[in-house]
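With the UniProt record's numbering as the guide, the letters of the sequence shown map in order to residues 1 to 294. C-beta atoms are modelled at their ideal positions from N, C-alpha and C, and glycine is treated no differently. Note that the structure is a prediction, hence the values are computed from the model and not measured. Beneath this line is the structure, given in structure tokens, with notes to follow.
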Amino acid sequence: MEDTELGAHTVASHGVKVARFHLHDWIMLLLLGALELAFYVVDPFDRFVGKDTMADLKYPLKSTTVPFWAVPIIAVLLPCLVFVAIYFRRRDVYDLHHAILGILYSVLVSGMLTDAVKDAVGRPRPDFFWRCFPVGKEVSDTVTTRAIGHGRKGMIKDGHKSFPSGHASWSFAGLGFFSWYLAGKIQAFDRRGHIAKLCLVFLPLLVACMVSISLVNDYLHHRGDVFAGGLLGWGTHAYLQVSTETRNGGRTWRARGNTGEAEAGFGTHNSSCEDEGGDASLAGRRDMLPEERV
């Protein structure tokens, strides 16, 4: 198959074909979304909180600097707008599709794991006291000293979802993926010593760090919650990262093979080792070539 030409693969010409080929990926994404929603609405483990424990959970109950609805906008929507902008410049529907699919998988897998652990652990938030006792009068069992909360049920339920931080995991999953994406597009690791490129690459990670720090300042999470959430988000995107783009100029890898497979982004080896000089490893490397830069 000939190398990809500029503007050869647009949404109009190849969008439906790409979507059909990756239909199973999108179906799995919807299943992950449903599973994430199930973990989010289920009641967390009702962990025992006694008088001694409650003494450390009296931090002020305040509004969050970064509300949870803003996290998908920061970690998913804004990167997707950049993906679309790059598509209009390069006209590569494969790059657009894989970037959007990749970041959605990153945040959904991270979010699902985060909410599953939240439900299993049931750690109280730093402001748990005020969620249980809005007027400040503590009531506890005379025998077990277990706190008997009389606040709003939804507030108390959410108060048991401190570990790990969902804000942090979503932020690092989405913006971490976006950071690697930028690294590939601007060739941050081309060994030419352009520090300005690295500054741009680290900018999304800085935003993720600031979002995470705000949670501690708002007494919504303990420091360990934020650290664990950040690791979950970072680990998820690291598994799904587009690191192969960081050394090939941000080009989408596409196999050479028959037309149908190659257009979908995958292909089979259609030339013998003898054609490549008898070197099997060289033939394998030549079978996978990045498309031409736009």
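query	result
Candidates L108, I100, G50, L205: closest to I30 by CA position	Strictly speaking, residue 30 in this sequence is Leu, with Ile absent from that position. With distances taken between Cα atoms, L30 lies closest to L108.
Local Cβ density within 10 Å of T114, reported as buried at 16 or more and exposed below that	buried
Enclosing alpha helix (DSSP H) for W180 [first to last residue]	166 to 185
Option nearest A173 by Cα separation, candidates F163, K153, C209, A34	C209
Classification of F48 by the beta-carbon crowding that lies within 10 angstroms, buried from 16 upward	exposed
Own chain, CB closer than 8 Å to W234, minus 5 neighbours either side, in chain order	F172, A173, G176
I195 versus V82: straight-line alpha-carbon distance, rounded	21 Å
Whether P44 touches K153 by CB criterion (8 Å)	no
C-alpha distance - C80 paired with I74, whole-angstrom precision	10 Å
Residue closest to V16, alpha-carbon to alpha-carbon, out of F163, Y94, I103, G184	Y94
Assumed close pair L205, S179 - CB separation to whole angstroms, cut-off 8 Å	5 Å
S214 - DSSP class collapsed to helix/strand/coil	helix
Member of L32, V18, H167, L61 whose CA lies at the smallest distance from the CA of Y105	L32
Distance between D46 and I148 (C-alpha atoms, nearest Å)	12 Å
Check whether L220 and F129 have beta carbons under 8 Å apart	no
Whole-angstrom C-beta distance between P134 and G151, which should lie under 8 Å	5 Å
Cβ pair E167, L215 closer than 8 Å	Here the sequence assigns His to residue 167, which means Glu is not the residue at that position. Going by C-beta atoms, H167 is nearer than 8 Å to L215.
V201 to T144 span [Cα, whole Å]	52 Å
Expected contact under 8 Å - CB spacing of D218 and K62 to nearest Å	6 Å
Residue interval of the alpha helix (DSSP H) (run including F129)	128 to 132
As assigned by DSSP and simplified to three states, the class of D92	strand
Beta-carbon spacing of L232, S162 below 8 Å	no
CB contact flag (M155, R191, <8 Å)	no
Range of the contiguous alpha helix (DSSP H) that encloses L37	23 to 41
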